[in-house]
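Protein chains in written order, with the working numbering: chain A, 1 to 157; chain B, 1 to 149.
Here is the structure:
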């Protein structure tokens, strides 16, 4: 009896996952395997990402291999420092998005042969918002995110 | 900002905690977003920002960025090299803003006789300045070249 019930459970599980997977527009093995790790992006940020990377933007995977440093509270929204570090020779390009800015695309770094991923710069934030960093690797796009609270925003950003 | 000069580029080579060489750069640029008004005249200040920036070593592009108005005023940039720079290599940073004006700055790498640089750990003064040649045309910032199109 136990075996039978187990089989039935497996069958139901498989059916459920299959039905869930069937609803996903893209059919990449990588994306399906990392379904739970999918990187959540707001629609307007995704649209910007799609302009840059095309269809690659449809499966961005969450990663913990990138080290993103940004202040938890930024006193001045006009100058927010950010730095991204990673392993050697893995990332070929990197984009940064600020969700609440009127133009969410902040910058794109492309690293050619001779440069490593330890990049830092300063940018503007309109108000408290999530920051999305998306990096391009051989296996596709990976992302990492944090939130920066802004006490005095930069109206322009 | 008495010495403010639009398009001026200041470069340094530093070492991070892992001993990798990194390039630090400071740019003098207003980076107007185009959304602020001039308080006296009430007119909108037109957008003015650096669009494209690239770093080359001996003529080969190593690093490229696409920027827009979201970058702060007087921008700062740093990245690390995967291979250490050697003597007599030419490092050049050039950028274009949205008015298609080009600014560039180049220097030739020259290590001192020790070849060791210390930062923040001891009280000895840093020797970064010795990287830049004291005389010669490469040490002076080029006057911004305005190209009309």
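No residue lacks a Cβ here, since even glycine has one placed at the ideal position from N, Cα and C.
Residues near residue i in its chain [Cβ-Cβ closer than 8 angstroms; skip 5 each side]
i                     : result
residue 72 of chain B : 31
residue 45 of chain A : 97, 99, 104 and 132
Bridge partner(s) assigned by DSSP for residue i
i                      : result
residue 149 of chain A : A/73
residue 32 of chain B  : B/48
residue 175 of chain A : With chain A covering only 1 through 157, there is no way to say anything about residue 175 of chain A.
residue 37 of chain B  : B/44
residue 204 of chain A : Only positions 1 to 157 of chain A appear in this structure, which leaves residue 204 of chain A out of reach.
residue 26 of chain B  : B/10 and B/76
Contacts around residue i, its chain only, beta-carbon distance under 6 angstroms, and the 5 residues preceding and following it disregarded
i                      : result
residue 110 of chain A : 93
residue 84 of chain B  : 21
residue 90 of chain A  : 137
residue 61 of chain B  : 54
residue 149 of chain A : 73 and 128
residue 153 of chain A : 77, 126 and 127
residue 151 of chain A : 75
residue 131 of chain B : Residue confidence for residue 131 of chain B is low, a pLDDT of 39 falling below 50, so the modelled location carries little weight and cannot support an answer.
residue 83 of chain A  : 69 and 120
residue 44 of chain B  : 37
Whether residue i touches residue j by CB criterion (8 angstroms)
i                      : j                      : result
residue 107 of chain B : residue 115 of chain A : no
residue 122 of chain A : residue 76 of chain B  : yes
residue 80 of chain A  : residue 96 of chain A  : no
residue 69 of chain B  : residue 103 of chain A : yes
residue 133 of chain A : residue 60 of chain A  : no
residue 38 of chain A  : residue 62 of chain A  : yes
residue 103 of chain B : residue 94 of chain B  : yes
residue 99 of chain A  : residue 130 of chain A : yes
residue 47 of chain B  : residue 98 of chain B  : yes
residue 135 of chain A : residue 85 of chain A  : no
Proximity test, Cβ basis, 8 angstroms: residue i and chain B
i                      : result
residue 89 of chain A  : yes
residue 129 of chain A : no
residue 105 of chain A : yes
residue 24 of chain A  : Because the pLDDT at residue 24 of chain A is just 47, under 50, the model does not fix this residue reliably, and the value given afterwards should be weighed accordingly. For residue 24 of chain A, the answer is no, since every Cβ of chain B falls outside 8 angstroms of its Cβ.
residue 37 of chain A  : no
residue 98 of chain A  : yes
residue 153 of chain A : no
Min CB distance residue i to chain A below 8 angstroms
i                      : result
residue 16 of chain B  : yes
residue 91 of chain B  : no
residue 63 of chain B  : yes
residue 57 of chain B  : yes
residue 98 of chain B  : no
residue 86 of chain B  : no
residue 82 of chain B  : yes
residue 22 of chain B  : yes
residue 109 of chain B : no
Proximal residues to residue i (C-beta, below 7 angstroms), its chain only, five neighbours per side dropped
i                    : result
residue 5 of chain B : 28
Proximal residues, the region 137–148 of chain A versus chain B, C-beta separation under 8 angstroms: Here the close residues number zero.
Short-range partners of chain B found in the region 107–129 of chain A, where Cβ spacing is below 7 angstroms: 107, 108, 109, 110, 111, 112, 114, 115, 116, 118, 119, 120, 121, 122, 123 and 124
Chain-ordered residues of the region 55–81 of chain A with a beta carbon less than 9 angstroms from chain B: 78, 79, 80 and 81
Near-chain A residues of the region 68–80 of chain B - C-beta to any C-beta below 8 angstroms: Contacts with chain A (Cβ-Cβ distance below 8 angstroms) from the region 68–80 of chain B involve 68, 69, 70, 71, 72, 73, 75, 76, 77, 78, 79 and 80, listed in chain order.
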